[in-house]
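Visitor:
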Amino acid sequence: MINYFKDVLGGFYSLLAGMAVTIRYFVKPIVTVQYPRHKIEMTPRYRGYPQLIIDPETHTHRCIACEMCSRICPSQLITLDGTKFPGEKQKRATKYIHEHQYCSLCGLCTEVCPTDALEYSKEYRLAGYRREDAVIDHLVLLQHRQYAVGLPVTPIPTEAEIAAAIAEEAAAKEAKAKAAEKAKAKEAPAEEVKK
Ligand code: SF4
Ligand code: SF4
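Take the position in the sequence shown, starting the count at 1, then add 34; the result is the number in my numbering.
1) Pull up the DSSP beta-bridge partners for Q85, would you.
2) I want to know whether the segment 94-114 touches the segment 148-162 - three or more CB-CB distances under 8 Å.
3) Helix, strand or coil for K129? Go by DSSP, reduced to three states.
4) Hey, would you say the C-beta of L28 is under 7 Å away from at least one heavy atom of ligand 1?
5) Check the DSSP bridge columns for T117 and list the partner residues they point to.
6) Specify the secondary structure class of I170 as computed by DSSP and reduced to three states.
7) Pull up the distance between the alpha-carbon of L86 and that of Q180, whole angstroms please.
8) Flag R87 as yes when its Cβ comes closer than 7 Å to any non-hydrogen atom of ligand 2, and as no otherwise.
9) Rounding to the nearest angstrom, what Cα-Cα distance links R58 and K73 in this structure?
10) Verify whether the separation of the beta carbon atoms of L173 and A127 is less than 8 Å.
11) Classify G184 as buried or exposed, calling it buried when 16 or more other Cβ atoms lie within 10 Å of its own Cβ.
12) Quick one, which of A194, S155, E166 and L160 has its alpha-carbon nearest L176's?
13) On a Cα-Cα basis, can you pick out the residue from K118, T144 and T77 that is closest to Y158?
14) If you compare alpha carbons, which of Y38, L50 and Y83 is closest to L160?
15) Are the beta-carbon atoms belonging to C143 and I196 less than 8 Å from one another?
16) Measuring CA to CA, which of P120, H134 and H93 is closest to A168?
17) Which of the three DSSP states is assigned to I112 in this structure?
Here you go:
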């Protein structure tokens, strides 16, 4: 009989202890998030994939396609291309592909960039079903990011536009070389007369 009451009291005590834990956590702030509906704020030093920075003044990227990032990358995972368009002083990226499945997040690409064009994203949803899911086209991603915050979207030049820009650049270089040759030819007889 005594054992029976001992068991009842023991059960009642453990019920109260369990309820106390439940009530304590009931009034504490919630630490879990409703993934994937809620997004987590990552810490400032979190490293997602490197991405192109949106310049606060020009509202576009600052990549001049110098290829320093792709050359220094130990995994050789960056493929990029760039063209100098008429009226522009520098080249600009026309293709920037990042194969994130090979990235060690070493940071060399962000450090070497002469125009500070790269930063780490805060993206943590990086799972995919196929290897190709980790391949990032940074110019397309930039467009999505610009669109998401209501900025004008940077157009990606078509192959025809790139070919026209290259042809125009080559023609301008040829014309410059010819003009320099002409000027040299004019100077030569004048120097001979002086002698
Ligand atoms: S963080 Fe390192 S491995 Fe990743 S793209 Fe940059 S240089 Fe390559
Ligand atoms: S180092 Fe910077 S500017 Fe040069 S290609 Fe890479 S991202 Fe563009």
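Every residue, glycine too, gets a C-beta built ideally from N, C-alpha and C.
Guide: Put simply:
1) The residue given as residue 85 occupies position 51 in the sequence shown. According to DSSP, which records beta bridges pairwise, Q85 is partnered with E153.
2) yes
3) Walking along the sequence shown from the start, residue 129 turns up at place 95. Here K129 sits in strand by DSSP.
4) With the chain covering only 35 through 229, there is no way to say anything about residue 28.
5) Taking the first residue of the sequence shown as 1, we reach residue 117 at position 83. For T117, which the question treats as bridged, DSSP gives the partners R126.
6) Position 136 of the sequence shown, counted from the start, is the residue given in the question as residue 170. Strand.
7) Taking the sequence shown and counting its residues from 1, one reaches residue 86 at position 52. Taking the sequence shown and counting its residues from 1, one reaches residue 180 at position 146. For L86 and Q180, the distance between alpha carbons rounds to 11 Å.
8) To locate residue 87, count along the sequence shown from 1; it is residue 53. In the sequence as presented, Arg is not what sits at residue 87; that position holds Ile. It does not: the Cβ of I87 is nowhere closer than 7 Å to a heavy atom of ligand 2.
9) For this step, residue 58 is matched to residue 24 along the sequence shown. For this step, residue 73 is matched to residue 39 along the sequence shown. So the alpha carbons of these two residues sit roughly 26 Å apart.
10) Taking the first residue of the sequence shown as position 1, residue 173 is located at position 139. Taking the first residue of the sequence shown as position 1, residue 127 is located at position 93. Yes.
11) Taking the sequence shown and counting its residues from 1, one reaches residue 184 at position 150. G184 comes out exposed.
12) Here residue 176 is taken as the residue at index 142 of the sequence shown, counted from 1. That would be S155, whose Cα lies nearest to the Cα of L176.
13) As a position in the sequence shown, residue 158 is number 124, starting the count at 1. Here the closest residue by C-alpha is T77.
14) In the sequence shown, residue 160 corresponds to position 126, counting from 1. Checked all of Y38, L50 and Y83; the closest Cα to L160 is Y83.
15) Taking the first residue of the sequence shown as position 1, residue 143 is located at position 109. Taking the first residue of the sequence shown as position 1, residue 196 is located at position 162. No, these two residues do not count as a Cβ contact at 8 Å.
16) For this step, residue 168 is matched to residue 134 along the sequence shown. Taking only the C-alpha atoms, the option nearest A168 is H134.
17) Translated into positions along the sequence shown, residue 112 becomes position 78. In the structure shown, I112 sits in a strand (DSSP, three-state: E or B).
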